[in-house]
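Residue numbers (the numbering used here), protein chains in the order written: chain A, 2 to 347; chain U, 73 to 367. Glycine included, each C-beta is placed from N, C-alpha and C at the ideal position. Computed from a predicted structure; not experimentally measured. So the structure is just underneath, and the comments pick up after that.
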Amino acid sequence: MTKSSTSIEIRDLYKIFGSAPERFVSAVKNGMSKTELGKTHGHILGLNNINITMPAGKIQVVMGLSGSGKSTLIRHINRLIEPTSGSILIDGRNVLEMNELELREFRRNNTAMVFQRFALLPHRTVIDNVTFGLEIRGVEKGRARETGMRWIERVGLHGFENRYPDELSGGMQQRVGLARALSNDASILLMDEAYSALDPLIRTDMQTMLLDLQKELKKTIVFITHDLDEALRLGDNIVILRDGSIIQQGDAQDILLRPADDYIRRFIKDVNRARFIKVDAVMEAMPKQAPKSAPRLRSGTSLEVAAVELSKAGQDSALVTDAAGAPLGIVSLRQITAALASEDVG
Amino acid sequence: MDWLFKFPQIDPDILLSVKRAIDGSLKTLTRNYGQSIENFFYPLQQVLIFFERVISNAPWPLVVLALAAIAWFAARSVKVVVAVILMLLAIGLMGLWPDAMKTISLVLTATLFSIAIGIPLGILMNRYKRVGAIMQTVLDVMQTMPPFVYLIPVVMLLGIGRVPGFIAVVIYAIPPIIRLTDLGIRLVDKEVLEAADAYGCSRSQKLWKVQMPLAMPTIMAGINQTIMMALGMVVIASMIGVQGLGLNVLQAIANQYFTQGIFNGFAIVGIAIIFDRISQAYGHRLQKHRGARHD
Ligand SMILES: Nc1ncnc2c1ncn2[C@@H]1O[C@H](COP(=O)(O)OP(=O)(O)O)[C@@H](O)[C@H]1O
Ligand SMILES: [Mg+2]
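If you want it as structure tokens, here you go:
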């Protein structure tokens, strides 16, 4: 089921929408703003100097408000949109140099996509939707069905295989979308606001399912969202876009503890910091003498859990240890409170 | 000030010679190629005769049964089936059975023919923008031109009879199916098309697995309109030698037989209702899982 994963490198990517985009590339490279390009030249700056290295087997989140260029960016990876300039390397292979046939093969075998409004085929049953990618590839019917049934089961839709999409709830439809993508057994999974149309509770379920699956599948997932909680929960890496430009890249700790600018500060203002900041990010180096009888916290514990543990133990500070139990540092209630209160901690 | 009240006209002699030249060359064309044009349409004529014979010579209960069965498979509704049977019985009781069969045969063949060339034309129209723009204009002209006008060249080239009548009916009835095929494909959800691309569909896979199935309800609405227009044309087509209910109406007009006109008129309406119910019910059944309705 699993496949060795694939890295994605996006280099110097620019996308300008309009009738003659090439004319404005150099102006944009020299710093023309989205507003100026739009107002005086009638072109839309979709993406501006994007550089991202998406490591193999990780979840890369791209976050930004509506219109910031997220969909445009993810569609460059399977070249549903042609860039104005730049390159996209998948395992060292430039997607932009593929001819039509190579591109089709690449899409059939290496990528799978999940859509915000599901994009299922309404005239096909669940199983026929799930095997769509396999059918396009020419996989023999019986085998496609077998694979499809396995994934239908895996996403929790057993018994629904002969229903039609319009008989399912939104959450179930997106499970079909996910099963369709996973059946393809592609190493890259592209998810464009896949959960944005779902109710909050169902969304959390779907996030959990994705994380569980990912533990086993280790695909390279590009996950688009405008929801910070979702980004923090899923992203091994997070890129924040605004008006087509990257304003910050990093993991959840970087974003929460070292926001690059006011835009991001506003974004993270209302997030539950205690749940996402980890003790590792706020701990200090081990003092010479370790306090005796201090409680021990595993590396990666959230501040939320750490605070509970400390108050249960009636202690001021705790040791942070690695999986083997070796101490890595020390964290105190004071540090925890500081990290929760302020937006910029060292 | 005379010129203000009399529209300046091209010299009548010039106009006359232009008309003569065009009509003359059309006549020469018919004289020289008449035989080969007739030969070209000979297979079509045979097909039309064959269909008419099959449906006219079949025992009437079988025809009723067959149409009832079609109604059942298309609509899956007892109400529609009963309506179809009652309609046919009424037509038969009024003594119009043989003529009704001729009319039904004409309408069915014209519709099948329109589907066979209209759907591919609609697909072409959708795929190639230039073709689409040209076709749009041609269709506009076809739909606004009074049918009597294009009867003239058809009759000049093919004379009077089954084939010219059939061609006139097809020309009149085909625009909706072309237009609605194009429209149906255009209305397919953009995100679904994107999914087709993202999963690596070739153009033909996209067309046959995604666009056409999703356009089907709209195309069905086009087929329905085409049938109705074909039926509407049967009286005019009878002027150039098509037999059936239309001819009876024409005779009734010429001789002022009011009752004959009414009876045959109602028979045409009855057939229209039968086809309309069947094709609409089928269209609705198609729509069941295919999202938006466009009717
Ligand atoms: N095909 C297009 N033509 C012109 N402008 C476009 C097109 N697609 C997207 N845009 C513009 O590019 C910007 C980014 O759009 P998009 O990538 O859809 O944003 P997001 O997915 O983050 O909401 C928007 O300003 C949008 O209006
Ligand atoms: Mg978007």
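**Report entry** U/G333 and U/N320 closer than 9 angstroms at C-beta
**Finding:** Taking 9 angstroms as the Cβ cut-off, U/G333 and U/N320 qualify as a contacting pair.
Query raised in the report: So what does DSSP say about U/Q81, is it helix, strand or coil?
Result: Here DSSP, grouped into helix, strand and coil, assigns U/Q81 to coil.
**Report entry** Any non-hydrogen atom of ligand 1 within 8 angstroms of A/L242 CB
**Finding:** yes
Requested in this report: Compute the Euclidean distance between the alpha carbons of U/V314 and U/G237, then round it to the nearest angstrom.
Outcome: 6 angstroms
**Report entry** A/E37 beta carbon near ligand 1 (any heavy atom closer than 8 angstroms)
**Finding:** Because no heavy atom of ligand 1 lies under 8 angstroms away, the Cβ of A/E37 does not count as near it: no.
Requested in this report: Under 6 angstroms Cβ to Cβ from U/I82, same chain only, skipping five residues before and after it: list those, please.
Outcome: Excluding sequence neighbours, U/I82 sits near nothing in its chain.
Query raised in the report: When the cut-off is 9 angstroms and only beta carbons count, does U/R357 lie next to chain A?
Result: Not an interface residue.
Query - Min CB distance A/D186 to chain U below 9 angstroms - result: no
Query raised in the report: Which full runs of the alpha helix (DSSP H) of 4+ residues lie inside the region 135 to 168 of chain U, going along the chain?
Result: 150 to 165
Requested in this report: Give a yes or no on whether the minimum CB-CB distance between U/Y271 and chain A is below 9 angstroms.
Outcome: yes
Query raised in the report: Taking all protein chains shown into account, do 16 or more other C-beta atoms lie within 10 angstroms of the C-beta of A/I225, making it buried, or fewer, making it exposed?
Result: buried
**Report entry** Cα-Cα separation between A/R266 and A/V115, rounded to whole angstroms
**Finding:** 30 angstroms
Query raised in the report: Should A/S67 be listed as close to ligand 1, given that the test is whether its C-beta is under 8 angstroms from any heavy atom?
Result: yes
Report task. Output the distance between the C-alpha atoms of A/V96 and A/M33, rounded to the nearest integer angstrom. Result -> 27 angstroms
Requested in this report: With 7 angstroms as the C-beta to C-beta threshold (strictly closer), list the residues of the region 271 to 301 of chain U near chain B in chain order.
Outcome: Note that chain B does not occur in the displayed structure, where the protein chains are A and U.
Query raised in the report: Taking 8 angstroms as the cut-off, is the CB of U/K370 close to at least one heavy atom of ligand 1?
Result: Outside the shown range of chain U (73 to 367) lies residue 370 of chain U, about which nothing can therefore be said.
Query raised in the report: Who pairs with U/F122 in a beta bridge, going by DSSP?
Result: Answer is none; U/F122 lacks a bridge partner.
Report task. Could you tell me which residues DSSP pairs with A/Q61 in its beta bridges? Result -> DSSP lists A/V223, A/N238 as the bridge partner or partners of A/Q61.
Query raised in the report: Quick one, are the C-beta atoms of A/L183 and A/W152 less than 9 angstroms apart?
Result: A/L183 places its beta carbon less than 9 angstroms from that of A/W152.
Report task. Measuring alpha carbon to alpha carbon, tell me which of A/K289, A/L257, A/I128 ends up nearest A/G143. Result -> A/I128
Report task. For the region 285 to 302 of chain U and the region 130 to 142 of chain U, state whether three or more C-beta atom pairs, one from each stretch, are separated by less than 8 angstroms. Result -> no
Report task. Run the proximity test for U/G318: is its beta-carbon closer than 8 angstroms to any non-hydrogen atom belonging to ligand 1? Result -> No, the beta carbon of U/G318 sits no closer than 8 angstroms to any heavy atom of ligand 1.
Query raised in the report: When we look at the beta-carbon of U/I340 and count the other beta-carbons within 10 Å, is it buried (16 or more) or exposed?
Result: buried
Query raised in the report: Which residues, in order along the region 149 to 183 of chain A, keep a beta-carbon less than 7 angstroms from a beta-carbon of chain U?
Result: Y165, D167
Query raised in the report: Looking only at DSSP bridge pairs, what is A/Y15 linked to?
Result: A/S86
Query raised in the report: Sorted by chain position, which residues of the same chain lie with C-beta nearer than 8 angstroms to U/L322's C-beta, five sequence neighbours on each side aside?
Result: V307, S310, M311
Query raised in the report: So, is U/I325 buried or exposed, given that buried needs 16 or more other C-beta atoms within 10 angstroms?
Result: exposed
Query raised in the report: Under 8 angstroms from any heavy atom of ligand 2, does the C-beta of A/D228 make it?
Result: no
Query - Cβ-Cβ separation, U/L98 to U/P225 (assumed contact under 8 angstroms), whole Å - result: Confirmed, Cβ separation roughly 7 angstroms.
Query raised in the report: Shorter than 9 angstroms from the beta carbon of U/R258 to some beta carbon of chain A?
Result: no
Requested in this report: Say yes only if the C-beta of A/E231 is nearer than 8 angstroms to one or more non-hydrogen atoms of ligand 2, and no if none qualify.
Outcome: Not one heavy atom of ligand 2 falls within 8 angstroms of the beta-carbon of A/E231.
Requested in this report: Using a Cβ cut-off of 7 angstroms, pull out every chain U residue sitting near A/G134, in sequence order please.
Outcome: Y271
**Report entry** Three-state secondary structure assigned by DSSP to A/K35
**Finding:** Secondary structure of A/K35 (DSSP, three-state): helix.
Report task. Pick out whichever of A/K279, A/V140, A/A120 has its Cα sitting closest to the Cα of A/D167. Result -> Minimum Cα distance to A/D167 is reached at A/A120.
Query raised in the report: Do three or more CB pairs link the region 205 to 223 of chain A to the region 20 to 34 of chain A at distances below 8 angstroms?
Result: With a cut-off of 8 angstroms, the region 20 to 34 of chain A and the region 205 to 223 of chain A do not count as touching, because too few Cβ pairs lie within range.
Requested in this report: With DSSP as the reference, label A/G326 as helix, strand or coil.
Outcome: DSSP places A/G326 in coil when its eight states are reduced to three.
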